[in-house]
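Written out below as structure tokens is the structure these notes cover.
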Ligand code: URA
Ligand code: SF4
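Numbering (this note's numbering), first residue to last: 7 to 214.
Spelled out as structure tokens, the structure:
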């Protein structure tokens, strides 16, 4: 099965999921959106009002700002995969609870496995907590780290910057560096695969 079909299958499972109580109050589950070939995956917190209405991630005020952050940084929104740690709206936009995060986590794991992105961008503390323990976003925002063999960049949640105007230039600056991080990562991977194929050549030559 190709990547797109695998993502579709995961999305269908999510739409019928009853693994936690958020299934009782949701209107539409929000599996996520973007191509299976995405190099960047962004992980937010959970659907809000408009996302729950439309079944799509980041379509409200935070979503508009996120689109601007990506576009200003030279990254077309439709080239990235956008999802959340919980796929159903917590009522009244309350925080997702521990058992909901746990129940939903396998869907996100599967999406990451299928997409295999070069970089994961976490938006806000619940997605950051998947990779970083006991850290403050104010200390590590915008800095890439290796976690389980993948590059993770924790960012402020766009909603935080909408509520705290002093964070706006900070999040804009962090997103403006994302594209060059990806280019660097691609160059590094290309160099590694060149080296590997040179080694293959060397091994083959040694037979003669
Ligand atoms: N905030 C989120 O964390 N996710 C969305 O999809 C929308 C707003
Ligand atoms: Fe299932 Fe996740 Fe929705 Fe809970 S939030 S019902 S685990 S899809």
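Just so you know, even glycine gets a beta-carbon here, dropped at the ideal spot from N, CA and C.
In whole angstroms, what is the alpha-carbon distance linking residue 50 and residue 36? 11 Å
Tell me whether residue 213 is buried or exposed, calling it buried when 16 or more other Cβ atoms sit within 10 Å of its Cβ. Because the pLDDT of residue 213 is 47, which lies under 50, any placement of that residue in the model is unreliable, and the number read from its coordinates should be weighed accordingly. It counts as exposed.
Just mark residue 215 as buried or exposed, buried being the case when its beta carbon has 16 or more other beta carbons within 10 Å. The requested residue 215 does not occur in the structure, where the chain is confined to residues 7 to 214.
Can residue 64 be considered in contact with ligand 1, in the sense that its beta carbon sits closer than 6 Å to one or more heavy atoms? yes
Just the Cα atoms here: how many angstroms apart are residue 187 and residue 131? 21 Å
Residue ranges of each beta strand (DSSP E) run of no fewer than 3 residues wholly in the segment 124-188, ordered along the chain? 125-129, 151-153 and 156-161
Extent of the continuous beta strand (DSSP E) to which residue 81 belongs: First-last for residue 81: undefined, no H or E at that position.
Anticipated Cβ contact below 8 Å, residue 182 with residue 79, distance rounded: 5 Å
Which whole runs of the alpha helix (DSSP H) in the segment 13-55 are 4 residues long or more, in chain order? 28-31
Report the three-state DSSP secondary structure of residue 71 (helix, strand or coil). helix
Closer than 8 Å is the cut-off here; do at least three beta carbon pairs connect the segment 122-129 with the segment 147-159? yes
Tell me residue 88's beta-bridge partners as DSSP assigns them. 39 and 48
Straight-line CA distance for residue 190 to residue 27? 42 Å
Using CA coordinates, which residue listed in 108, 46 and 20 is at the minimum distance from residue 122? 46
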